[in-house]
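Novice: Structure below; questions to follow.
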Amino acid sequence: MKKLLLYTSLFAIVFQSCKTVQPSSSKKDDKSELSQVDSALVSKDTIKLVEVAEPKAQDSIVLTVSPLKDTITLIGVGDIMIGTNFPNEGYLPPDSGKYMLAEVAATLRDADLTFGNQEGVILNEGGKQKYCSNPDVCYIFRSPEYLAQHYVEAGIDFMSLANNHAGDFGDEGRKNTMRTLDSLGIHHAGQLAQPFTIFEKDRVTYGFAAFSPNTGTQSINDLEAAVDIVKHLDSLSDIIIISFHGGAEGSKYEHLTREREFFYGENRGNVYEFSHALIDAGADVIFGHGPHVARAVEVYKNRFIAYSLGNFATYGRFNLRGVKGLAPIAKINIDNKGKFISGKIISAKQKGAGIPVIDGSHAAALRIKELTESDFPESNISIDLEGNIRYLHNHN
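Below, the structure is given as structure tokens:
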């Protein structure tokens, strides 16, 4: 018998008498009450897609609805800049960059969703470059479009475009970066033109927003606007993921101060206050980056925060000495309401000019363990020598 795929509209037509829908899953615990809906509307938590057999006159229609996943796995990494043709093509990786992410690709693909921060613009040529008196020591990044294909092959699903290099080549660079990621099916947020996005995968609706202290991006320092964005996403999404680019830079700034940070006279935000306020407003997972070094992680109100995931795949133009060469991969498990279950800091490091590889010595995990124990002595989580993150004792 021929199979038909029926969407929500047909479901509503068949069941015209249905006036009340009980959602099968809600994002937060306080949203379990019945939803009163018009007969032409059906809750997205109740049905996404149904398959039925084409009925004969005497047959009844049988609906099959798969349940939401109990556990969702997310991966987050830090700064990604996999080659620049500015100031010259000598800063592009060999072999068209096909080996840049090859050694970590299997790890990055092993999640429901994988996140990274796009440092710089995606643009073949041109654009209005930032002013600098000496291009040889001016760190602005323009990655050719062909390099972005490696993001797809490595399983990267969504990226932040909110950072201090998002405007390196003016509006042309900003627009082409967004256009290129759109063409590859990679979701993005953080530019003023698109501060947040909403997308769906495996029947789960995700809201994603990104913030930084930099011109042309959604500001990390406008806390009221950030909270409003999260509340808006909370009304439309099952899981809300936030990215921020904030905090001072370099090996002197590994520790979290819980205060507003300034670097070269720029207000880099209070990332502790920002993260807590956004979780209070409804965010579920926060991936931070910007200091070019790893920082502590925290679970606040059962929601996961990585305060900085450092450098991840930064080719040719970055200082990767010491802790700057660590490339942690945060892999976390949450339930379908956003609560943290468990996680792992998978250690990677950058070799050569900036190619990430898995690190069997677990250096990144050990450093994040030390920072977390130092900066959050009150923490309700532990990190073991291999990077596994667990609750210390019973939690709400």
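Under my numbering, the first residue of the sequence shown is numbered 78, with each subsequent residue one higher. Even glycine gets a Cβ: it sits at the ideal position worked out from N, Cα and C.
(1) Answer with buried or exposed for K329, where buried requires no fewer than 16 other C-beta atoms within 10 angstroms of its C-beta.
(2) Evaluate F453 with the Cβ neighbour count: other Cβ atoms within 10 Å of its Cβ, from every protein chain shown; 16 or more gives buried, anything less gives exposed.
(3) With L185 as the anchor, note down where its alpha helix (DSSP H) starts and where it stops.
(4) Is there contact between the stretch 236-247 and the stretch 283-294, where contact requires at least three CB pairs shorter than 8 Å?
(5) For L126, which of helix, strand or coil comes out of DSSP?
(6) Distance check for I409 and D147, CA to CA, integer angstroms please.
(7) At the level of alpha carbons, what is the spacing between S173 and A231?
(8) Measuring from the CB of F395, is there a heavy atom of the ligand GDP at a distance below 8 Å?
(9) Using a Cβ-Cβ cut-off of 7 Å (strictly less than) and excluding sequence neighbours within five positions of H242, which residues of its own chain qualify?
(10) Could you tell me how far apart the beta carbons of L443 and L462 are, in whole angstroms, since I believe they sit closer than 8 Å?
(11) Do G324 and G365 have their beta-carbon atoms positioned less than 9 Å apart in this structure?
(12) DSSP three-state call for D106: helix, strand or coil?
(13) What are the complete beta strand (DSSP E) segments, minimum 3 residues, inside the stretch 264-337?
(14) When you compare the CB positions of N194 and E222, do they come within less than 9 Å of one another, or not?
(15) With DSSP collapsed to three states, give me the class of G420.
(16) By the three-class DSSP mapping on this structure, what secondary structure does I356 have?
(17) Buried or exposed: where does E455 fall if 16 or more other Cβ atoms within 10 Å of its Cβ makes it buried?
(18) Whole angstroms are fine: how far does the CA of R394 sit from the CA of N165?
(19) Near F192, which residues of its chain fall below 6 Å by C-beta distance, leaving aside the five closest residues on each side in sequence?
(20) Can you give me the C-alpha to C-alpha distance between N347 and R337, rounded to a whole angstrom?
(21) Should H265 and I297 be called a contact, given that it needs their Cβ atoms to be closer than 9 Å?
(22) Relative to the C-alpha of S143, which candidate in V362, R280 and G342 has its C-alpha closest?
Specialist: Considering the structure as presented:
(1) Classification of K329: exposed, given that the 10 Å Cβ count is below 16.
(2) Flag for F453 reads buried.
(3) A182 to R186 is the extent of the alpha helix (DSSP H) around L185.
(4) Taking a contact to require three or more Cβ pairs closer than 8 Å, the stretch 236-247 and the stretch 283-294 qualify as touching.
(5) Unreliable placement is indicated for L126, whose pLDDT of 40 sits below 50; the coordinate value is still reported in the next sentence. L126 falls in the coil class under three-state DSSP.
(6) In this structure, the CA atom of D147 is about 14 Å from the CA atom of I409.
(7) Rounded to the nearest angstrom, the two C-alpha atoms are 15 Å apart.
(8) This structure simply doesn't include the ligand GDP, nor any ligand for that matter.
(9) Closer than 7 Å at Cβ, skipping near neighbours: E196, G197, I217 and F218.
(10) About 7 Å separates the beta carbons of L443 and L462, which is inside the 8 Å limit, making them a contact pair.
(11) One thing to note: G365 has its Cβ within 9 Å of the Cβ of G324.
(12) For D106, the pLDDT reaches just 45, beneath the cut-off of 50, and the residue's location in the model is therefore unreliable, although a value from the coordinates is still provided. Under the three-state reduction of DSSP, D106 is assigned to helix.
(13) Entirely contained in the stretch 264-337, the beta strand (DSSP E) runs reaching 3 residues are, in chain order, 264-266, 273-278, 281-288 and 316-322.
(14) Between N194 and E222, the C-beta spacing is not below 9 Å.
(15) It is a strand residue.
(16) I356 falls in the helix class under three-state DSSP.
(17) Exposed: under 16 other Cβ atoms inside 10 Å.
(18) In a straight line, the C-alpha of N165 is about 12 Å away from that of R394.
(19) Counting only Cβ-Cβ distances below 6 Å, and skipping sequence neighbours, we find G153, F235 and F364.
(20) So the two alpha carbons sit approximately 4 Å from each other.
(21) No; because the gap between Cβ atoms is not below 9 Å, this pair is not in contact.
(22) Measuring from the Cα of S143, the nearest candidate turns out to be R280.
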